[in-house]
Ligand SMILES: Nc1ncnc2c1ncn2[C@@H]1O[C@H](COP(=O)(O)OP(=O)(O)OP(=O)(O)O)[C@@H](O)[C@H]1O
Ligand SMILES: Nc1ncnc2c1ncn2[C@@H]1O[C@H](COP(=O)(O)OP(=O)(O)OP(=O)(O)O)[C@@H](O)[C@H]1O
Ligand SMILES: [Mg+2]
Ligand SMILES: [Mg+2]
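Protein chains in written order, with the working numbering: chain A, 35 to 302; chain B, 35 to 302.
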């Protein structure tokens, strides 16, 4: 059965859709088959990214792999019991259609809703990207300095992840491997980066997640969206853009993420 | 009656809460009275920021102005008609309690819901921050290159803003002054910045918004969150952090935003 990777963070703009797309393309280029589900269908960033990729392939005949993609919209039914059932049916139908794939990747919204929580409950691996920022940190844990000591209280999103962990334990499923990944890292700002790094190490123990190497703030992570491409597609001749130091560094960052979540024996 | 500024963008992480806080503190320091409403109460970034500020004032006796703040949670009632009424009652009650203020600032969520749409309908000024990115642009307009020409189709968030504009026209209210502001601008990456700038100029005409000068990507915009402070508080002796080139530039960026939305005669 496919290994399921969920990319989640209730905090908006932490890099879920960006991380999802780069993960998906890496897996495809490793030769795996990949099914993708957009659980943030109304905003649809991942769906648009993949649509753009389809369009690029159709108009250029490029040899570029595209995942098998499904959008799952939130149920619009008013009755909350029925709407939850409908969410479950819609998600499970999409999963069934993609069940022959090696990997499934779910992109989730930057807000809390039943469909997103349901998606999280299926994670073998949960990847949570996060900006190097106290504002983003606040959704993982409230930080207070009490008598010179650091007090960390699990916050909204962490609580939700733990509820899914409990659910899975009750259902005797394998535990979620929770991986947190810093994103949009500044190439300067050493002090803030160090502070965030220390906080995340504390938090990793407290909330039982592990830290993966992150992505720097690099325009190459977003400028290829209109073509549906990523920097990983650029060693193919079809992409038509020249490589640079930043691209090489970005490529290594994506590779390190894959190694950290144990997805690329060959790449290691 | 108070002038109402709504900070909105359905796209997550575009900088709504950051922009809200810097706007609020600027207005307070100009001597205006400010009421603030967090319509993203579950995530509560703005509420937490203001809570931290309260705490800082209480523990240091600093002479630092704090806005009068309200959190408005989404109605949890299942019946959609009653839940919409409850949203309206909750928002209007908060507005009534703050009605003696010079300005009201509403922070809104990075997702679409009835409470957020309702909040948008009260805007005299709507400020939409946006990352310099095709992913963020996609929520304002779908961009397609058709026969060497740029085709711009209003996207989900723009459509919602236009619905609120139509509502206000029907109710004979004054039109919304829609201001879009680029945020987290890179200090390098000239080509992407130029491309985004051109797209936004086209879009401004098409969607009838104006472009305000934006904020650069600067750690000073986020590192003072734990103390509830902003760079604007730093010329006060209580803040305990030394100024730098980036702070001076950031201060000018905030001042330019205020001028652009016509809020600071004295500062101009
Ligand atoms: N490493 C990076 N370097 C440069 N830009 C990035 C990087 N990661 C993300 N971005 C940009 O940051 C913004 C937010 O990223 P993205 O849309 O992937 O986040 P998200 O968590 O999916 O947001 P939402 O909560 O709205 O779903 C986008 O404009 C994206 O292009
Ligand atoms: N100009 C800036 N410079 C540096 N960091 C910034 C800037 N603007 C925003 N940020 C950071 O970017 C992230 C997103 O900003 P913010 O939380 O204000 O966005 P938002 O639109 O309110 O997000 P949400 O959709 O989750 O409500 C935060 O980590 C914030 O600290
Ligand atoms: Mg997304
Ligand atoms: Mg916010």
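By construction, the Cβ of each residue, glycine as well, lies at the ideal position given by its N, Cα and C atoms. No experiment lies behind these values; they were computed from the predicted model shown.
#1: Apart from the five residues on each side of it in sequence, which residues of its chain come closer than 6 Å, Cβ to Cβ, to residue 39 (chain A)?
#2: Listing by chain order, which chain A residues have their CB less than 7 Å from the CB of residue 82 (chain B)?
#3: I want to verify the contact list: residues of chain A whose CB lies under 8 Å from the CB of residue 58 (chain B), in sequence order.
#4: What is the DSSP secondary structure of residue 54 (chain B), counted as helix, strand or coil?
#5: Just grab the DSSP bridge partners of residue 103 (chain B) for me.
#6: Among all residues, which have a Cβ less than 5 Å from at least one non-hydrogen atom of ligand 3, and in what chain order do they fall?
#7: Who does residue 194 (chain B) pair with in a DSSP beta bridge?
#8: Would you mind telling me which residues of chain A sit closer than 8 Å to residue 231 (chain B), beta carbon to beta carbon, in chain order?
#9: Any heavy atom of ligand 2 closer than 8 Å to the Cβ of residue 76 (chain A)?
#10: What span of residues does the beta strand (DSSP E) with residue 211 (chain B) cover, start to end?
#11: Among all the DSSP beta bridges, which residues are the ones paired with residue 36 (chain A)?
#12: On a Cα-Cα basis, can you pick out the residue from B:155, B:37, B:64 that is closest to residue 133 (chain B)?
#13: Could you name the residues of chain B that residue 190 (chain A) contacts, counting a contact when the two beta carbons are closer than 9 Å?
#14: What residues in the region 240-258 of chain A bring their beta carbon closer than 8 Å to a beta carbon of chain B?
#15: Residue 268 (chain B): which of B:220, B:277, B:123 sits nearest, CA to CA?
#16: For the alpha helix (DSSP H) containing residue 246 (chain B), name the first residue and the last one.
#17: Nearer than 8 Å: is that true of the beta carbon of residue 42 (chain B) relative to any heavy atom of ligand 1?
#18: Return the chain-ordered list of same chain residues with a C-beta closer than 7 Å to the C-beta of residue 73 (chain B), the five sequence neighbours on each side being excluded.
#19: Since residue 46 (chain A) and residue 218 (chain A) are thought to touch, with beta carbons under 8 Å apart, how far apart are those beta carbons, to the nearest angstrom?
#20: Is it right to say residue 302 (chain A) is buried, meaning 16 or more other beta carbons lie within 10 angstroms of its own, or is it exposed?
#21: When you check each C-beta in the region 207-227 of chain B against every C-beta of chain A, which residues fall closer than 7 Å?
#22: Going by other Cβ atoms of all chains shown within 10 Å of its Cβ, with 16 needed for buried, is residue 52 (chain A) buried or exposed?
#23: Exposed or buried, which one is residue 61 (chain A) when buried takes at least 16 other CB atoms within 10 Å?
#24: Is the closest heavy atom of ligand 4 to the C-beta of residue 143 (chain A) under 8 Å?
#25: Rounded to whole angstroms, what's the CA-CA distance from residue 102 (chain B) to residue 125 (chain A)? Just pull it up for me.
#26: Could you name the residues of the same chain whose beta carbon sits closer than 6 Å to that of residue 84 (chain A), not counting the 5 residues immediately before and after it, in chain order?
#27: Looking only at its chain, what residues have a beta carbon closer than 7 Å to the beta carbon of residue 122 (chain A), apart from the 5 residues adjacent to it on each side?
#28: If you drop the 5 nearest sequence neighbours on each side, which residues of the same chain put their C-beta closer than 6 Å to that of residue 198 (chain A)?
#29: Can you tell me whether residue 299 (chain B) is buried or exposed, with buried defined as 16 or more other CB within 10 angstroms of its CB?
#30: Taking 8 Å as the cut-off, is the CB of residue 69 (chain A) close to at least one heavy atom of ligand 4?
#31: Which two residues bound the contiguous alpha helix (DSSP H) that contains residue 183 (chain A)?
#32: Roughly how many whole angstroms lie between the Cα atoms of residue 194 (chain B) and residue 206 (chain A)?
#33: Relative to the C-alpha of residue 225 (chain B), which candidate in A:41, A:168, A:44, A:253 has its C-alpha closest?
#34: Give a single yes or no on whether residue 261 (chain A) has its beta carbon closer than 8 Å to a heavy atom of ligand 2.
#35: Any Cβ of chain A within less than 9 Å of the Cβ of residue 169 (chain B)?
#36: How is the beta strand (DSSP E) around residue 178 (chain A) delimited, first residue to last?
Let me spell this out:
#1: Here the question's residue 39 (chain A) lines up with position 5 in the first chain. Cβ neighbours of residue 39 (chain A) beyond the five flanking positions: 139, 159.
#2: By 1-based counting over the second chain, the position of residue 82 (chain B) is 48. The answer, in chain order, is 172.
#3: Sequence index remark: in the second chain, residue 58 (chain B) carries index 24 (1-based). Those within 8 Å of residue 58 (chain B) in chain A number zero; the least Cβ separation is about 15 Å.
#4: One-based indexing of the second chain puts residue 54 (chain B) at position 20. Residue 54 (chain B) carries a helical assignment under DSSP once its states are collapsed to helix, strand and coil.
#5: Mapped onto the second chain, residue 103 (chain B) falls at position 69. Looking at the DSSP assignment, residue 103 (chain B) forms a beta bridge with B:70.
#6: Residues whose Cβ lies closer than 5 Å to any heavy atom of ligand 3, listed in chain order: A:50, A:51, A:79.
#7: Sequence index remark: in the second chain, residue 194 (chain B) carries index 160 (1-based). DSSP lists no partner for residue 194 (chain B).
#8: Reading the second chain from its first residue, position 197 is the one you call residue 231 (chain B). For residue 231 (chain B), there are no neighbours in chain A by C-beta distance under 8 Å, as the nearest C-beta there is about 14 Å away.
#9: In the first chain, residue 76 (chain A) corresponds to position 42, counting from 1. Checking every heavy atom of ligand 2 against the Cβ of residue 76 (chain A), none is found closer than 8 Å.
#10: As a position in the second chain, residue 211 (chain B) is number 177, starting the count at 1. Segment 211-217, the beta strand (DSSP E) holding residue 211 (chain B).
#11: As a position in the first chain, residue 36 (chain A) is number 2, starting the count at 1. Residue pairing of residue 36 (chain A) in beta bridges, as defined by DSSP: absent, with no partner found.
#12: For the purposes of this step, residue 133 (chain B) is taken as the residue at position 99 of the second chain. Looking at B:155, B:37, B:64, the one whose alpha-carbon comes closest to that of residue 133 (chain B) is B:37.
#13: Residue 190 (chain A) sits at position 156 when you count from the first residue of the first chain. Taking a Cβ-Cβ threshold of 9 Å, the residues of chain B close to residue 190 (chain A) are 76, 77, 78, in chain order.
#14: For chain B, the residues of the region 240-258 of chain A that bring a beta carbon within less than 8 Å of one of its beta carbons are 251, 253, 256, 257, in chain order.
#15: Here residue 268 (chain B) refers to the residue found at position 234 when the second chain is read from its first residue. The candidate whose alpha carbon is nearest that of residue 268 (chain B) is B:277.
#16: Counting from one through the second chain, the residue named residue 246 (chain B) turns up at place 212. Not the alpha helix (DSSP H): residue 246 (chain B) falls in the beta strand (DSSP E), residues 244-246.
#17: For the purposes of this step, residue 42 (chain B) is taken as residue 8 along the second chain, with counting starting at 1. Residue 42 (chain B): no, Cβ never under 8 Å from ligand 1.
#18: Position 39 of the second chain holds residue 73 (chain B). Cβ within range, chain order: 106, 140, 141, 142, 143, 149, 150, 153.
#19: Residue numbering aside, residue 46 (chain A) sits at position 12 when the first chain is read from its first letter. Residue numbering aside, residue 218 (chain A) sits at position 184 when the first chain is read from its first letter. Rounded to the nearest angstrom, the Cβ distance from residue 46 (chain A) to residue 218 (chain A) is 13 Å, too far for a contact under 8 Å.
#20: The residue labelled residue 302 (chain A) in the question sits at position 268 within the first chain. Below a pLDDT of 50, predicted positions are generally treated as unreliable, and residue 302 (chain A), at 34, falls in that range; no measurement from the model is reported.
#21: Per Cβ criterion, the list reads 220, 223, 226.
#22: Translated into the one-based positions of the first chain, residue 52 (chain A) becomes position 18. Buried is the call here.
#23: Along the first chain, one-based indexing puts residue 61 (chain A) at 27. So residue 61 (chain A) counts as buried.
#24: Counted from its first residue, the first chain places residue 143 (chain A) at position 109. With a cut-off of 8 Å, the C-beta of residue 143 (chain A) is classified as distant from ligand 4, since no heavy atom of the ligand falls inside that distance.
#25: In the second chain, residue 102 (chain B) corresponds to position 68, counting from 1. In the first chain, residue 125 (chain A) corresponds to position 91, counting from 1. Going by the C-alpha atoms only, they are around 43 Å apart.
#26: For the purposes of this step, residue 84 (chain A) is taken as residue 50 along the first chain, with counting starting at 1. 103.
#27: Counted from its first residue, the first chain places residue 122 (chain A) at position 88. Scanning its chain for C-beta atoms nearer than 7 Å, with the 5 sequence neighbours on each side dropped, one finds around residue 122 (chain A) the residues 152, in chain order.
#28: Within the first chain, the letter at position 164 stands for residue 198 (chain A). The residues 154, 155, in chain order, have a CB closer than 6 Å to that of residue 198 (chain A) in the same chain once the five nearest residues on each side in sequence are set aside.
#29: Here residue 299 (chain B) refers to the residue found at position 265 of the second chain. Bear in mind that a pLDDT of 48 at residue 299 (chain B), under 50, signals an unreliable position, so the model cannot answer this.
#30: By one-based count along the first chain, residue 69 (chain A) stands at place 35. Closer than 8 Å to some heavy atom of ligand 4: that does not describe the Cβ of residue 69 (chain A).
#31: On the first chain, position 149 is the one that residue 183 (chain A) refers to. Run containing residue 183 (chain A): none in the alpha helix (DSSP H); it sits in the beta strand (DSSP E), 183-188.
#32: Walking along the second chain from the start, residue 194 (chain B) turns up at place 160. Walking along the first chain from the start, residue 206 (chain A) turns up at place 172. Across the structure, residue 194 (chain B) and residue 206 (chain A) are spaced so that their CA atoms are roughly 44 Å apart.
#33: Sequence index remark: in the second chain, residue 225 (chain B) carries index 191 (1-based). Looking at the Cα atoms, A:253 is the closest of the given residues.
#34: Working through the first chain from its first residue, we reach residue 261 (chain A) at position 227. Outside the cutoff, so no.
#35: Here residue 169 (chain B) refers to the residue found at position 135 when the second chain is read from its first residue. Interface residue, yes.
#36: For this step, residue 178 (chain A) is matched to residue 144 along the first chain. Per DSSP, residue 178 (chain A) belongs to the beta strand (DSSP E) from 175-180.
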